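All remarks here apply to the structure that follows.
Shown next, in the form of structure tokens:
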């Protein structure tokens, strides 16, 4: 887990000028979350400085200041934090021990290292939430075939196995049909697996919150997330669930945020099962399930994150339309030889012709399955919003013309 | 009017990366209009390149690519346009002959030079609109005291005098109480004045449109603009006028846009007088009266401008709330000695505590009377929106605490 130095530049790049009175927020990562945070930072006159692997990353291309370097290199993180009011995260790939070292340096980390670990280590999150009385799926830490078999004996095959650290967008999640699958996986992941039963899930929900160091907390309406290939493809706001379930989800997420002392934006992913809500995973940062807030809510998750980490008053999370749908735009699975249709930027004109479609492109080079953008539609009713958002996303993916 | 070279850098600065498939829009000017265009460009994956006098200008600090140079220098304009899909404007200070030269070079100018002149030369606009049958205030081109006196004899004192070119935000507009005032002004402006009577105005309106080269055109609801010291301070959407007046204003603006072949965003400023609507001035670019569209409409004027100049389908101009108010934030008239309260960035925390206040800061150094930002509030009724937006703006100006 210890970082190795990579190509680095001593100076901070980009965004020159003398915004002396502006706050500087440093963010580890320069992907689409940082890119959309940059848009919010512009409005607030906040300077965003990101840690990027290269100058082509989404947030750097959008004009954030940048330090080039590796999030596993503590010196890069120190350089990033230098002179910034606060250091925050757009991904989970900073070694936890580096976060603790930065705290010892006196860096204002939002979220703090202990809270961040709930997003970085799924096993830690499960154990701690379970210990503190939050409902989580049955689980075990399985380091051997015997431990997997023992869990399967109690819960039956298939099992879901997850890498405790480092997975995202469906990577790091596997379905184990039987003992042979477990063997192969344990060879690759000698530190062991988080195993859980294949739950019968009515739907998956996500609750977005923002919380400040002062304890001020706002909670958005729960949304429904639709997965395909273990990757979130569609978000429906508000979730089509009973008012009682929605209220329970908000209450659970709010209590959880306070319990773990989360600061900044927090996304709580929940399973709705026939025996109630279960906490699946946490993200202590802006989250894919919250992109709909840009057009769909009084305050976007990106502005909210900046307000929360800077200790500024939080904005209203009010939903602005009866139905808001976000559909992710992914790189085409099978790349046509040298076809411009593989790149959403080449299909933008057609997508903008879909009434009500708000298109966001991340400026990333297309690769199969890579999140390249998203489309949000706000509407008076769900079916219209779904239809328009899916059509625009399909056009951007080159699946329609 | 011919440009002189200033400090220039041969290379385009900022926003590195390889967004090969992205469209590049070049914009003359790097003020707050370009800054907010940069926010919209990020979402669409468009690369914005601006012409700036220095690296501290609002759009450059927000991460737009930049060419440093002078808009009166044709070579700077050529460098700016190099490789861009289209060249557009965030101000009126490009010499008209340079726009014609760029057109002869084959640069795709949106708006075209002939249309841009309606925003650059008030006398040209009055003459041409009058000749083409659009209602404008009575006016004359007065190059001598005798011509001023002759116009006053027909219309009475006081008169309003305007510099045909170069004025903005109340600069370039004077009230002439009598012949002595005219003498002084004509000495300073030997090319003459645009003079008009002091009209009895019920209110001032602005109609925002976007129009593409193809002729596609969308028109926003008319808004009411409230001036103080000849500078726009507040914008109320929709304008509180009869439906008939609003429809007439939209019809007039739409016809005018087609008549002058405007492309991109166009703002038509109108006087509502007891004898009907009169066209005051035109702006062939995003406009202060349209900032409310960022939160208040389905498509912001900045995204709309990009769509229009790139020939992409236009977005819906739908107003999203019964009342949307924008209040400008100006630099304090009397600067406290070395007080942070003169800088809105130091007052941001308090302003964000006003429920519903959407704050936009432009990253400009404070100077008396300078536009430093704006606040928009969307609400169910006008008084609540006005109250909240005025309060947040007053806090940012250091007038409340």
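Protein chains in written order, with the working numbering: chain A, 1 to 401; chain B, 1001 to 1401.
Think of the CB as a built atom: it goes at the ideal place given N, C-alpha and C, for glycine as much as any other residue.
These figures come from a predicted structure and were not determined experimentally.
Of all the CB atoms in chain B, is at least one closer than 7 Å to the CB of residue 158 (chain A)?
As a position in the first chain, residue 158 (chain A) is number 158, starting the count at 1. No, residue 158 (chain A) lies away from the interface with chain B (no Cβ there is under 7 Å from its Cβ).
Could you list which residues in chain B have their beta carbon closer than 8 Å to that of residue 359 (chain A), in chain order?
Looking up residue 359 (chain A) in the first chain gives position 359. Under the 8 Å cutoff, chain B gives 1043, 1044.
Ordered list of alpha helix (DSSP H) runs contained in the stretch 1056 to 1109 of chain B, each at least 4 residues
1058 to 1061, 1074 to 1081, 1096 to 1105
Would you please verify whether the beta carbon of residue 1349 (chain B) is less than 7 Å from any beta carbon of chain A?
In the second chain, the residue the question calls residue 1349 (chain B) occupies position 349. True, the Cβ-Cβ gap to chain A drops below 7 Å.
Take every Cβ of the stretch 1294 to 1303 of chain B, pair it with every Cβ of the stretch 1373 to 1383 of chain B, and state whether three or more of those distances are shorter than 8 Å.
yes
Mapping DSSP to helix, strand and coil, what is residue 1187 (chain B)?
Locating residue 1187 (chain B) in the second chain gives position 187, counting from the first residue. Residue state, collapsed to three classes: helix.
Step through the CB atoms of chain B and report whether any lies within less than 7 Å of the CB of residue 90 (chain A).
The residue labelled residue 90 (chain A) in the question sits at position 90 within the first chain. Residue 90 (chain A) does not count as touching chain B.
Simplified DSSP state of residue 287 (chain A), which is helix, strand or coil
Residue numbering aside, residue 287 (chain A) sits at position 287 when the first chain is read from its first letter. Looking at residue 287 (chain A) - three-state DSSP - the assignment turns out to be coil, as it is neither helix nor strand.
By the 10 Å Cβ neighbour count, where 16 or more other Cβ atoms means buried, how is residue 144 (chain A) classified, buried or exposed?
Here residue 144 (chain A) refers to the residue found at position 144 when the first chain is read from its first residue. By the neighbour-count rule (16 or more Cβ atoms within 10 Å), residue 144 (chain A) is not buried but exposed.
Residue of A:41, A:84, A:114 minimising C-alpha distance to residue 95 (chain A)
Along the first chain, read from residue 1 onward, the residue named residue 95 (chain A) stands at position 95. Cα-wise, what sits closest to residue 95 (chain A) is A:114.
Contact between the stretch 1025 to 1039 of chain B and the stretch 1355 to 1364 of chain B (3+ Cβ pairs under 8 Å)
yes
Which value, in whole angstroms, describes the spacing of the CA atoms of residue 309 (chain A) and residue 1092 (chain B)?
The sequence position of residue 309 (chain A) within the first chain is 309, counting from 1. The sequence position of residue 1092 (chain B) within the second chain is 92, counting from 1. Going by the C-alpha atoms only, they are around 40 Å apart.
For the 8 Å Cβ check, are there 3 or more pairs between the stretch 162 to 178 of chain A and the stretch 263 to 273 of chain A?
no
Who are the neighbours of residue 1300 (chain B) on chain A, taking C-beta pairs under 9 Å?
Counting from one through the second chain, the residue named residue 1300 (chain B) turns up at place 300. Correct list: empty, because the minimum Cβ distance to chain A is about 10 Å.
Under the three-state DSSP convention, the category residue 119 (chain A) falls into:
Position 119 of the first chain, counting from 1, holds the residue named residue 119 (chain A). Three-state result, residue 119 (chain A): helix.
First through last residue of the beta strand (DSSP E) which encompasses residue 271 (chain A)
Along the first chain, read from residue 1 onward, the residue named residue 271 (chain A) stands at position 271. 264 to 273 is the span of the beta strand (DSSP E), which, as asked, contains residue 271 (chain A).
Going by other Cβ atoms of all chains shown within 10 Å of its Cβ, with 16 needed for buried, is residue 1079 (chain B) buried or exposed?
Reading the second chain from its first residue, position 79 is the one you call residue 1079 (chain B). When all chains shown are included, residue 1079 (chain B) counts as buried.
Chain-ordered neighbours of residue 38 (chain A) on chain B, where CB pairs are closer than 8 Å
Here the question's residue 38 (chain A) lines up with position 38 in the first chain. For residue 38 (chain A), the chain B residues whose C-beta falls within less than 8 Å of its own C-beta are 1042, 1063, listed in chain order.
Do residue 1253 (chain B) and residue 1207 (chain B) come within 7 Å of each other at the CB atom, strictly closer than that value?
On the second chain, residue 1207 (chain B) is found 207 positions in, with the first residue counted as 1. On the second chain, residue 1253 (chain B) is found 253 positions in, with the first residue counted as 1. Against a cut-off of 7 Å, the Cβ pair of residue 1253 (chain B) and residue 1207 (chain B) comes out as a contact.
Starting from residue 1296 (chain B) and walking both ways along the alpha helix (DSSP H), at which residues does that stretch end?
The residue given as residue 1296 (chain B) occupies position 296 in the second chain. Boundaries of the alpha helix (DSSP H) harbouring residue 1296 (chain B): 1293 to 1296, taken from the DSSP string.
Residue 385 (chain A) (DSSP reduced to helix, strand or coil)
As a first step, residue 385 (chain A) is located in the first chain; it is residue number 385 there, counting from the start. DSSP places residue 385 (chain A) in helix when its eight states are reduced to three.
Under 9 Å by beta carbon: chain A residues contacting residue 1312 (chain B)
Counting from 1 along the second chain, the entry for residue 1312 (chain B) is found at position 312. The answer, in chain order, is 348, 349, 352, 353.
Any Cβ of chain B within less than 7 Å of the Cβ of residue 343 (chain A)?
On the first chain, residue 343 (chain A) is found 343 positions in, with the first residue counted as 1. Yes, contact with chain B.
I'd like the span of the alpha helix (DSSP H) that includes residue 49 (chain A), first residue to last.
The residue labelled residue 49 (chain A) in the question sits at position 49 within the first chain. Taken as a continuous stretch (DSSP letters only), residue 49 (chain A) belongs to no alpha helix (DSSP H), being part of the beta strand (DSSP E) at 47 to 52.
Work out the CA separation of residue 51 (chain A) and residue 7 (chain A) for me, nearest whole Å.
For the purposes of this step, residue 7 (chain A) is taken as residue 7 along the first chain, with counting starting at 1. For the purposes of this step, residue 51 (chain A) is taken as residue 51 along the first chain, with counting starting at 1. Reliability fails at residue 7 (chain A), whose pLDDT of 34 lies under 50, so the model's placement of it is uncertain and no value is given.
Report the residue from B:1118, B:1087, B:1124, B:1358 whose alpha carbon sits nearest the alpha carbon of residue 1106 (chain B).
The residue you call residue 1106 (chain B) lines up with position 106 of the second chain. When each option's Cα is compared against that of residue 1106 (chain B), the closest is B:1087.
From this set, B:1395, B:1306, B:1346, B:1288, which residue's C-alpha is nearest residue 1227 (chain B)'s C-alpha?
For this step, residue 1227 (chain B) is matched to residue 227 along the second chain. For the residues B:1395, B:1306, B:1346, B:1288, the minimum Cα distance to residue 1227 (chain B) belongs to B:1288.
For residue 1333 (chain B), the three-state DSSP class (helix, strand or coil):
Reading the second chain from its first residue, position 333 is the one you call residue 1333 (chain B). Here DSSP, grouped into helix, strand and coil, assigns residue 1333 (chain B) to coil.
Thinking just about the alpha-carbon of each residue, which of A:90, A:350, A:215, A:135 is nearest to the one in residue 278 (chain A)?
Within the first chain, the letter at position 278 stands for residue 278 (chain A). Out of A:90, A:350, A:215, A:135, A:135 has the C-alpha closest to the C-alpha of residue 278 (chain A).
Of the listed residues A:196, A:166, A:103, A:164, nearest to residue 177 (chain A) (C-alpha basis):
On the first chain, position 177 is the one that residue 177 (chain A) refers to. Closest option to residue 177 (chain A), Cα to Cα, is A:196.
Where residue 299 (chain A) sits in the DSSP three-state scheme:
Here the question's residue 299 (chain A) lines up with position 299 in the first chain. Residue state, collapsed to three classes: coil.
Quick one: what's got a C-beta closer than 6 Å to residue 390 (chain A)'s C-beta in the same chain, skipping five residues either side?
As a working note, residue 390 (chain A) is residue 390 in the first chain. 327, listed in sequence order.
Please list the partners that residue 1356 (chain B) has in chain A, where partner means a Cβ-to-Cβ separation under 8 Å.
Residue 1356 (chain B) sits at position 356 when you count from the first residue of the second chain. Simply 298, 316.
With DSSP as the reference, label residue 196 (chain A) as helix, strand or coil.
Locating residue 196 (chain A) in the first chain gives position 196, where the first residue counts as 1. Three-state result, residue 196 (chain A): strand.
Who are the neighbours of residue 1021 (chain B) on chain A, taking C-beta pairs under 8 Å?
The count along the second chain starts at 1 and reaches residue 1021 (chain B) at position 21. The answer, in chain order, is 340, 343, 345, 346.
Okay, do the stretch 235 to 249 of chain A and the stretch 312 to 332 of chain A touch, 3+ Cβ pairs below 8 Å being the bar?
yes
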